[in-house]
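Just so you know, we're using full-length UniProt numbering here: the sequence shown kicks off at 1 and counts up by one.
All residues carry an ideal CB built from backbone N, CA and C; glycine is no exception.
The model shown is predicted, which means the values in this text are computed figures rather than measured ones.
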Amino acid sequence: MTGMAAVEQMANRSSGRVRTISPETLDLAAELIRRGEVIVIPTDTVYGVACDPFNAKAIEGIFAAKHRPHTKALQVLLPSVASIAELGLRLPDPLGILADAFLPGPFSPICEADEHCSLATVRIDDGSRTQGVRVPDSDDSRRLLEATGPLAASSANRSGLPSAQTAQQAYEQLGDSVALYIDAGPTPGPVASTVVAASADGEDGIALLREGVISAQAVHAAIREAAHASGRPGQGNQRL
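1) Can you tell me the Cβ-Cβ gap for residue 219 and residue 194, rounded? I've got them flagged as a contact below 8 Å.
2) Our contact map puts residue 94 next to residue 205 with C-beta atoms below 8 Å; I'd like the distance itself, whole angstroms only.
3) Identify, in the order they occur along the chain, each residue of the same chain with its Cβ nearer than 7 Å to the Cβ of residue 26, setting aside the five sequence neighbours on each side.
4) Count the other CB atoms, across all protein chains shown, that sit within 10 Å of the CB of residue 185; report buried if there are 16 or more and exposed otherwise.
5) If you measure between the beta carbons of residue 196 and residue 98, is that distance less than 9 Å?
6) Alpha carbon to alpha carbon, what distance is there between residue 211 and residue 37?
7) Between which two residues does the beta strand (DSSP E) harbouring residue 123 extend?
8) Name the DSSP bridge partner or partners of residue 75?
9) Count the other CB atoms, across all protein chains shown, that sit within 10 Å of the CB of residue 77; report buried if there are 16 or more and exposed otherwise.
10) Would you list the residues sitting across from residue 48 in a DSSP beta bridge?
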């Protein structure tokens, strides 16, 4: 088979699963999520692969589609910042400052989950319960999340391969392991969100787990500017 024939065959196979974003597509996405299916969605960074975050079996579908090790956590995408508290999650200091500065947007704080939080994506480590969250700064993402509710998500690519910036790129990597690909055109990627956790031992009280769209410099500057505005000393370590 020639290269062009292979591309045409891939396009024909994907045509039934890749759908342009529309009210009808969003209704279908919500129904598939309720049924425990895995879908691919646009975000404000790259395309993501997503499912019901309360459904452990559906979550396994993400790991299987991506060939992703279970040691790597999944984020939860939310329609609004208010959804964080509604799910039994809390932003430890100084992540609330960063959430005010960067959410909605390509920022992923690691929240603390209370004992009543029923998300199946919560990570439990040495007695601590944590969950990374995202509130995408994208009208398409908000419309989708308002239709489906919160979504467990990861980037829509095979583990170790480049992130997808189009629905077709996602299909080329994940294929029929995903029930629906929502096509909203190219995303701003390829850089992913910035992931930050609170850390008593870290500079300015944080640990930068992944530097993405928002630079480390911008993260630290936001904390220090907030501390200066409030008249409090900085959050960071003060070592002699």
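Considering the structure as presented:
1) Residue numbering aside, residue 219 sits at position 219 when the sequence shown is read from its first letter. Residue numbering aside, residue 194 sits at position 194 when the sequence shown is read from its first letter. The beta-carbon distance between residue 219 and residue 194, rounded to whole angstroms, is 7 Å. This is short enough to meet the 8 Å contact definition.
2) Here residue 94 refers to the residue found at position 94 when the sequence shown is read from its first residue. Here residue 205 refers to the residue found at position 205 when the sequence shown is read from its first residue. Contact flag correct, Cβ pair sits at about 5 Å.
3) Counting from one through the sequence shown, the residue named residue 26 turns up at place 26. Around residue 26: 143, 144, 147.
4) Mapped onto the sequence shown, residue 185 falls at position 185. Around the beta carbon of residue 185, a 10 Å sphere encloses fewer than 16 other beta carbons of the protein chains shown; the residue is thus reported as exposed.
5) To locate residue 196, count along the sequence shown from 1; it is residue 196. To locate residue 98, count along the sequence shown from 1; it is residue 98. Yes, Cβ-Cβ distance for residue 196 and residue 98 is below 9 Å.
6) To locate residue 37, count along the sequence shown from 1; it is residue 37. To locate residue 211, count along the sequence shown from 1; it is residue 211. Taking the straight line from one Cα to the other gives about 31 Å.
7) In the sequence shown, the residue the question calls residue 123 occupies position 123. Here the beta strand (DSSP E) through residue 123 covers 123-125.
8) Along the sequence shown, read from residue 1 onward, the residue named residue 75 stands at position 75. BP columns for residue 75 point to 153.
9) Within the sequence shown, numbered from 1, the residue matching residue 77 stands at position 77. Buried, by the Cβ-count rule.
10) On the sequence shown, position 48 is the one that residue 48 refers to. Answer is 41, 155.
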